[in-house]
């Protein structure tokens, strides 16, 4: 009779604690294979979770979740955590509608300390938890796990400063794999690399557990200084400079050593940083060799994994246009906050390294650096996801818009994004950009219009935001730019009884919805701010009803702008505003989310029916 697999015995952290420490390497291997199996369907965060397996096992072996609070920064590396905290049977539902989130989520499990999806938030959350614990005299451990990429975020560094000042007991695990999604950049990243190669640490590594044991043997009695033998006392260690005890770097894939260290460190008072070195994609050769692709790969065979091909996307269309623009103009500079791959800028960075800046996970820096460039005559383009531009909102207002600076924002992932869920949906940008004076907003219907808008935006005075969705788009040949009259809408389907004003994905659905109707027009409302008021007023004087469709919250978005203008002009056609409802939409396929919001073709047809529109039969070829 075969011995049951270790993972079959482990459904909770309490089950894990029943194992012998000698079993943990084998358990780690089984967890890793389960992650590979689950992620083989595609679209899931593979490489990050593979890199944290041993750490996850060690943390749950030593600490007592959910009493002790383990906080995973970003949360995309927490698949092993989900497996070991009662969710293994549900792992095949991850990122599916009604299934597990792709990140940690408080409402999903008592073991998930925070709801997360954006980087650099764990330390401030942990700081608050530690203060709350101490304020009421409770006794539990707080353990934030943050990657070296997320530590480039100013929020994380500011939290470290506060943690060092208050000296609350906390274990900060720095998971150093040299990666976020793209390679990490910046001085902090360079410093971590020097830590890994200093001779004093090479010697410490060679000494192995003997040295570790000698060092940690007296940690309890010498809490303020004992761990200092792990680093050169003369080095400019930023953690010790902020009054944080520092231990490391240590091998993040040696689960037994991690357990040993954690058991000793948990007895210490005050804040401690444990710096572990891991490999993104660990245990899967192809993922270790190319962690960028395998960060979130397409569907693959877990037995013979190979890189798949991805279709042409809006991000690719932006990147290609940016290359051609910079080929022609020497005053254009492209900036992105750690989203080189996601924003379609890999080839751009290779061809124009002197016109490219990756600020790391520092959206505020990206926006204000663009402001500084604009003040000196450069025309910067900030390539950023809609959800991440939220983090640079104050800088957009204070540093860009007040002085009406010439900054173009290429806003990717506008609208709902699907499986990544509410932390990543880009459904607020029309609203938060509309309220800022001087900002112009545009939304192209296709890649050709995107190219024309980028060129046109660089000729405008003041900030311009161009928003486009996640997903595929038809490519445009090099050198083809199209014609565009800036600030004007485009009539695509004639009809003036009812007129649909569509933006972005909403326009695509509107075109489908009006098939088989009579006298229902469709307008490409490609400029949201300012509106094409001349066309809008003409429509309003003849149409009995106007329908606006947008992939943005209905509060303060495009539809709101239309209603506000019509009211100001005392024009009174019936107006129906279709968009994302006033609640956070969960993760699901984009098409399902659009159906739920009522902005897909079927939803638009239902709205048309309430206005008395009937539909003729439409042949399959129409």
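Numbering (our numbering), first residue to last: 37 to 658. Glycine included, C-beta positions come from ideal geometry on N, C-alpha and C. None of the values given here were measured: they were computed from a predicted structure.
### Query
In angstroms, rounded to a whole number, what distance separates the CA positions of residue 567 and residue 211?
Within the chain shown, residue 567 is the residue found at index 531, counting from 1. Within the chain shown, residue 211 is the residue found at index 175, counting from 1. Each residue's Cα considered, the two are about 47 Å apart.
### Query
Taking Cβ positions, are residue 338 and residue 322 nearer each other than 8 Å?
Locating residue 338 in the chain shown gives position 302, where the first residue counts as 1. Locating residue 322 in the chain shown gives position 286, where the first residue counts as 1. No, these two residues do not count as a Cβ contact at 8 Å.
### Query
Using the rule of at least 16 other Cβ atoms within 10 Å of the residue's Cβ for burial, across every protein chain shown, is residue 45 buried or exposed?
In the chain shown, counting from the first residue as 1, residue 45 sits at position 9. Residue 45 is exposed by the Cβ-count criterion.
### Inter-stretch contact (C-beta, 8 Å, three-pair minimum) for the segment 173-192 and the segment 133-142
no
### Inter-residue spacing [alpha-carbon to alpha-carbon] between residue 624 and residue 548
Residue mapping note: residue 624 aligns to position 588 of the chain shown, counting from 1. Residue mapping note: residue 548 aligns to position 512 of the chain shown, counting from 1. When rounded, the distance between both Cα atoms is 22 Å.
### Query
How big is the Cα-Cα spacing for residue 615 and residue 589?
The residue labelled residue 615 in the question sits at position 579 within the chain shown. The residue labelled residue 589 in the question sits at position 553 within the chain shown. Taking the straight line from one Cα to the other gives about 6 Å.
#### Entry: Assumed close pair residue 159, residue 182 - CB separation to whole angstroms, cut-off 8 Å
Your numbering for residue 159 matches position 123 in the chain shown. Your numbering for residue 182 matches position 146 in the chain shown. For a cut-off of 8 Å, the C-beta gap from residue 159 to residue 182 is around 6 Å, short enough to register as a contact.
### Task
Determine the burial state of residue 558: buried for a count of at least 16 other Cβ atoms within 10 Å of its Cβ, exposed for fewer.
Mapped onto the chain shown, residue 558 falls at position 522. It counts as buried.
### Message
Applying the 10 Å Cβ sphere with the 16-neighbour rule, what's the burial state of residue 476?
### Response
As a working note, residue 476 is residue 440 in the chain shown. Per the 10 Å Cβ criterion, buried.
### Message
If I measure Cβ to Cβ from residue 440 and keep anything under 6 Å in the same chain, skipping five residues before and after, which residues do I get?
### Response
Numbered from its first residue, the chain shown carries residue 440 at position 404. Correct list, in chain order: 474 and 498.
### Query
Using the C-alpha atoms, what's the distance from residue 541 back to residue 357?
Locating residue 357 in the chain shown gives position 321, where the first residue counts as 1. Locating residue 541 in the chain shown gives position 505, where the first residue counts as 1. Going from the Cα of residue 357 to the Cα of residue 541 covers about 21 Å.
#### Entry: Reduced DSSP secondary structure (H/G/I, E/B, other) of residue 311
Counted from its first residue, the chain shown places residue 311 at position 275. Assignment of residue 311 by DSSP, reduced to helix, strand and coil, places it in the strand class.
### Message
To the nearest angstrom, how far is the alpha carbon of residue 360 from that of residue 115?
### Response
Taking the first residue of the chain shown as position 1, residue 360 is located at position 324. Taking the first residue of the chain shown as position 1, residue 115 is located at position 79. Their Cα atoms are separated by approximately 40 Å.
### Task
Please report the residue range of the alpha helix (DSSP H) in which residue 528 lies.
As a first step, residue 528 is located in the chain shown; it is residue number 492 there, counting from the start. Taken as a continuous stretch (DSSP letters only), residue 528 belongs to no alpha helix (DSSP H), being part of the beta strand (DSSP E) at 526-529.
### Task
Apply the 10 Å Cβ neighbour rule to residue 693 and answer buried if 16 or more other Cβ atoms are within range, or exposed otherwise.
This structure gives no information on residue 693, because the portion of the chain shown stretches from 37 to 658.
### Residues of its chain near residue 244, where Cβ-Cβ distance is below 6 Å and the 5 sequence neighbours each way are ignored
Mapped onto the chain shown, residue 244 falls at position 208. Because the pLDDT of residue 244 is 38, which lies under 50, any placement of that residue in the model is unreliable, and the question is left without a value.
#### Entry: Of the listed residues 599, 611 and 604, nearest to residue 579 (C-alpha basis)
The residue you call residue 579 lines up with position 543 of the chain shown. Checked all of 599, 611 and 604; the closest Cα to residue 579 is 611.
### Task
List the whole-angstrom C-beta distance separating residue 462 from residue 423, where the pair is believed to meet the contact cut-off of C-beta under 8 Å.
Against the chain shown, residue 462 aligns to sequence position 426. Against the chain shown, residue 423 aligns to sequence position 387. Indeed, because the Cβ distance is near 5 Å, the residues count as touching under 8 Å.
### Message
Can you tell me whether residue 600 is buried or exposed? The criterion is at least 16 other CB atoms within 10 Å of its CB, across all chains shown.
### Response
As a working note, residue 600 is residue 564 in the chain shown. It counts as exposed.
### Query
Can you list, in chain order, the stretches of the alpha helix (DSSP H) that have 4 or more residues and sit fully within the segment 465-496?
The segment 465-496 contains these whole alpha helix (DSSP H) runs: 465-470 and 483-493.
### Message
So residue 663 and residue 199 are supposed to be a Cβ contact under 8 Å. How far apart are they, rounded?
### Response
One cannot answer for residue 663 here, as it falls past the ends of the chain, which runs 37 to 658.
### Message
I need the boundaries of the beta strand (DSSP E) containing residue 212, first residue and last residue.
### Response
By one-based count along the chain shown, residue 212 stands at place 176. Per DSSP, residue 212 is one residue of the beta strand (DSSP E) stretching across 206-212.
#### Entry: Own chain residues within Cβ distance below 6 Å of residue 524, not counting five before or after
Along the chain shown, one-based indexing puts residue 524 at 488. The answer, listed in chain order, is 568.
### Task
Kindly list the residues whose CB is nearer than 6 Å to the CB of residue 113, restricted to its own chain and excluding five residues on each side of it in sequence; keep chain order.
The residue given as residue 113 occupies position 77 in the chain shown. Result list for residue 113: 84, 85 and 88, in chain order.
### Query
residue 285 lies in the beta strand (DSSP E); which residues open and close that run?
In the chain shown, counting from the first residue as 1, residue 285 sits at position 249. Its beta strand (DSSP E) spans residues 281-287.
### Query
Since residue 483 and residue 353 are thought to touch, with beta carbons under 8 Å apart, how far apart are those beta carbons, to the nearest angstrom?
Here the question's residue 483 lines up with position 447 in the chain shown. Here the question's residue 353 lines up with position 317 in the chain shown. At roughly 4 Å, the Cβ-Cβ gap stays under 8 Å, so residue 483 and residue 353 are in contact.
### Task
Please look up how many angstroms separate the CB atoms of residue 76 and residue 336, rounded, as I've assumed it's under 8 Å.
To locate residue 76, count along the chain shown from 1; it is residue 40. To locate residue 336, count along the chain shown from 1; it is residue 300. Contact holds; Cβ gap of about 5 Å.
### Query
Around the Cβ of residue 125, are there at least 16 other Cβ atoms within 10 angstroms (buried) or fewer (exposed)?
Mapped onto the chain shown, residue 125 falls at position 89. Classification of residue 125: exposed, given that the 10 Å Cβ count is below 16.
#### Entry: DSSP bridge partner residues for residue 157 (one or two, in chain order)
One-based indexing of the chain shown puts residue 157 at position 121. None, per the DSSP bridge assignment.
### Task
Using only alpha-carbon positions, find the residue among 397, 622 and 418 that is nearest to residue 407.
One-based indexing of the chain shown puts residue 407 at position 371. Nearest option by C-alpha distance: 418.
#### Entry: Beta carbon of residue 450 nearer than 8 Å to that of residue 503
By one-based count along the chain shown, residue 450 stands at place 414. By one-based count along the chain shown, residue 503 stands at place 467. In contact: residue 450 and residue 503 (Cβ atoms closer than 8 Å).
### Query
Whole beta strand (DSSP E) runs in the segment 529-581 with 3 or more residues, listed along the chain?
534-538, 556-560 and 563-565
### Query
Would residue 193 count as contacting chain B if we go by Cβ distances under 8 Å?
Judged by its chain identifiers, the structure shown contains no chain B, having just a single protein chain.
### Query
Going by the beta-carbon positions, is the gap between residue 150 and residue 95 smaller than 8 Å?
As a working mapping, residue 150 is identified with position 114 in the chain shown. As a working mapping, residue 95 is identified with position 59 in the chain shown. Going by C-beta atoms, residue 150 is not nearer than 8 Å to residue 95.
### Task
Leaving aside the five residues before and after residue 56 along the sequence, list all residues of the same chain whose C-beta is less than 8 Å from its C-beta, in chain order.
By 1-based counting over the chain shown, the position of residue 56 is 20. The answer is none, since no qualifying residue turns up.
### Message
Does the segment 478-494 come into contact with the segment 424-438, if we say contact requires no fewer than three beta-carbon pairs (one atom in each stretch) closer than 8 Å?
### Response
As far as the Cβ criterion goes, the segment 478-494 does not touch the segment 424-438, which means the pair count is below three.
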